[in-house]
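Residues are numbered in our numbering as their position in the sequence shown, beginning at 1, plus a constant of 1.
Beta carbons are placed, not taken as given, at the ideal position from N, Cα and C, and that holds for glycine.
The block underneath contains the structure these notes are about, expressed in structure tokens.
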Amino acid sequence: MIMFSMVSAGSYAVAMIKKRAEILDSCIRLLQRINSEISYNAEPLQIIISKVCRCHEFDKLVFLHKMSRSYCENIILCWRECVEKFSETSPITKSDKELLISFGEKLGTTDIEHQQKLCDEYISLFKQRYDSLQKNQREHIKLCKICSFALGAVMLI
């Protein structure tokens, strides 16, 4: 029973690493989509966010769906609250959460050209996190599996 618990804990850790990678990938695609919407449609931020909230492409980003269901006059405050609630139940790190919140707070505060630059900057930051996670993911997964089996074996003995 103890061995099974240890292996399960290791499997859970591996699943969370993979889920974080999927979320970071979705964040990159979200920022690219927002950038495209700003570039081509030049619509108000409220409308852009409303559009992307309804896209099933971003289902991993649960905070977007919470934003679409809740009415907020202040989109920045709503973004912050929804990201913070999302981070409580997701495998994103504190720095991932802060980066997402930072993006939301800066979005819509300047002209279109600067908004595009902001999106490009944050896309780059999220890509760096994603690439780093991908690079280390294999080692983390191996380590989690080995540790869970080793701890389970030690507990069994």
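DSSP three-state call for residue i: helix, strand or coil?
{"i": "Lys61", "result": "coil"}
{"i": "Cys171", "result": "One cannot answer for residue 171 here, as it falls past the ends of the chain, which runs 2 to 158."}
{"i": "Ala43", "result": "coil"}
{"i": "Leu108", "result": "coil"}
{"i": "Glu23", "result": "helix"}
{"i": "Thr90", "result": "helix"}
{"i": "Glu122", "result": "helix"}
{"i": "Asn36", "result": "helix"}
{"i": "Glu99", "result": "helix"}
{"i": "Glu74", "result": "coil"}
What does a CB cutoff of less than 8 Å around residue i pick up in its chain, not counting 5 residues either side in sequence?
{"i": "Gln47", "result": "Ile76"}
{"i": "Lys107", "result": "Leu119"}
{"i": "Ser40", "result": "Ile113, Gln117"}
Please return the same chain residues whose Cβ sits closer than 7 Å to the Cβ of residue i, not counting the five positions on each side in sequence.
{"i": "Ile29", "result": "Ile124, Phe127, Lys128, Tyr131"}
{"i": "Ser103", "result": "none"}
{"i": "Ser91", "result": "Ile24"}
{"i": "Arg139", "result": "none"}
{"i": "Ser88", "result": "Lys98"}
What do you reckon, are the CB atoms on residue i and residue j nearer than 7 Å?
{"i": "Phe59", "j": "Cys83", "result": "no"}
{"i": "Leu134", "j": "Ala16", "result": "no"}
{"i": "Ala43", "j": "Ile113", "result": "yes"}
{"i": "Ser27", "j": "Lys67", "result": "no"}
{"i": "Ser69", "j": "Cys56", "result": "no"}
Suppose the cutoff is 6 Å on Cβ atoms and the five residues either side in sequence are ignored; what does the same chain contact list for residue i look like?
{"i": "Trp80", "result": "Gly105"}
{"i": "Gly109", "result": "Leu46"}
{"i": "Lys95", "result": "none"}
Using a Cβ cut-off of 7 Å (strictly closer), state whether residue i contacts chain D.
{"i": "Lys98", "result": "The displayed structure is made up of one protein chain only, and chain D is not part of it."}
Task: Segment contact flag, the region 36-47 with the region 106-117, C-beta cutoff 8 Å, min 3 pairs - done: yes
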